[in-house]
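> If you scroll down you'll find the structure; I have some questions about it.
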Amino acid sequence: MKSFPISLLDGYRNFMSGRYADARDRYRQLAENGQNPTTLVIACCDSRAAPELIFDAGPGELFVIRNVANMVPPYEPDGHFHSTSAALEFAVQALKVKNIVVMGHGRCGGIRAALDPDAEPLSPGDFIGRWMSLVRPAAEQIGSNDVMTPAERQTALERVSIRNSISNLRTFPEIKVLEDEGHLQLHGAWFDISTGELWVMDSGTLDFIRPEI
Ligand SMILES: [Zn+2]
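Encoded structure:
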């Protein structure tokens, strides 16, 4: 029999004697009463950009969707398998979250691949290629801008993609209504993994700025 990764068991042991022990009552309460998070974070799968760590969130505080490059597809009730839209529907309709944060990050591999015109599919299914086609129009525009360095182009697309996802959130009829009625707020954020800086999107100018903390 293959052995379960030892690093995970070590981490679990630390969790049980540390964070779980400290929050034992909170876990029991959440088990009995159910979860009631008020914020949904849509983040990248990247192992360096975990929302619960960045926002120092305890159990039950954040509902998190993670996918390649933290993207939201447009509303497509077509009978296909839509994991992001399913989790989004649950967060908005069942949990009634008050905030949705689309959080991108620096050095995102998915965004880098979208900017690479020579990127080859990783498999015949080309699932990433199809998924990243959500930002292809913006990637083609930014990619052809030879005034910017590759790093500048990448940061630009990471941020444009966040705005793109927020626009796609508004194609979900329930989200549009809840936002218009003031029951739901949509936010953008970008985390620089090399410095730890968090930038948030200004709801007026749509620029990314450093928040007062
Ligand atoms: Zn990423």
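Going by my numbering, the residue at position 190 of the sequence shown is 202; the numbering climbs one at a time, nothing skipped. Glycine residues also receive a C-beta, built at the ideal position from the N, C-alpha and C atoms. Remember, predicted model here, so these are calculated numbers, not experimental data.
What does the alpha-carbon distance come out to for the pair F16 and P185?
Going by the C-alpha atoms only, they are around 44 Å apart.
> Check each candidate in I225, R119, M115 and name the one with the smallest Cα separation from A163.
Among I225, R119, M115, the Cα nearest to that of A163 is on R119.
> Under a three-way DSSP split, which group does G141 fall into?
If DSSP states are grouped into helix, strand and coil, G141 belongs with the helices.
> Starting from L190 and walking both ways along the alpha helix (DSSP H), at which residues does that stretch end?
Counting along the chain, the alpha helix (DSSP H) containing L190 begins and ends at 185-192.
> So for N111, helix, strand or coil by DSSP?
Correct three-state label for N111: strand.
> Residues in its own chain within less than 6 Å of V76 by CB, not counting five upstream and five downstream?
If we look at V76 and ignore the five residues flanking it on each side, its Cβ neighbours are V53, P63.
> Which runs of the alpha helix (DSSP H) spanning at least 4 residues fall entirely within the segment 44-109, listed in chain order?
Runs found: 63-66, 95-101.
> On the DSSP bridge assignment, give the partners of G23 in chain order.
None, per the DSSP bridge assignment.
> Using only alpha-carbon positions, find the residue among L196, M13, T207 that is nearest to Y109.
The sequence shown places Val at residue 109, not Tyr. Answer by Cα proximity: L196.
> Span of the alpha helix (DSSP H) holding V159?
Looking at the DSSP string, V159 is not in any alpha helix (DSSP H), and its letter there is neither H nor E.
> Where do the N-terminal and C-terminal ends of the alpha helix (DSSP H) with A35 fall, by residue?
Unbroken run through A35: none, as it is neither H nor E.
> Pick helix, strand or coil for A131, following the three-state DSSP scheme.
A131 falls in the coil class under three-state DSSP.
> For H92, is the beta carbon positioned less than 7 Å from some heavy atom of ligand 1?
It does not: the Cβ of H92 is nowhere closer than 7 Å to a heavy atom of ligand 1.
> By DSSP's criteria, H199 is part of a beta bridge. Which residues make up the other side?
DSSP lists V113 as partners of H199.
> What is the residue span of the beta strand (DSSP E) that L218 lies within?
Counting along the chain, L218 falls outside any beta strand (DSSP E), and DSSP gives it neither H nor E.
> In its own chain, which residues sit with a C-beta less than 7 Å from the C-beta of I221, not counting the 5 before and 5 after it?
If we look at I221 and ignore the five residues flanking it on each side, its Cβ neighbours are W211, V212, D214.
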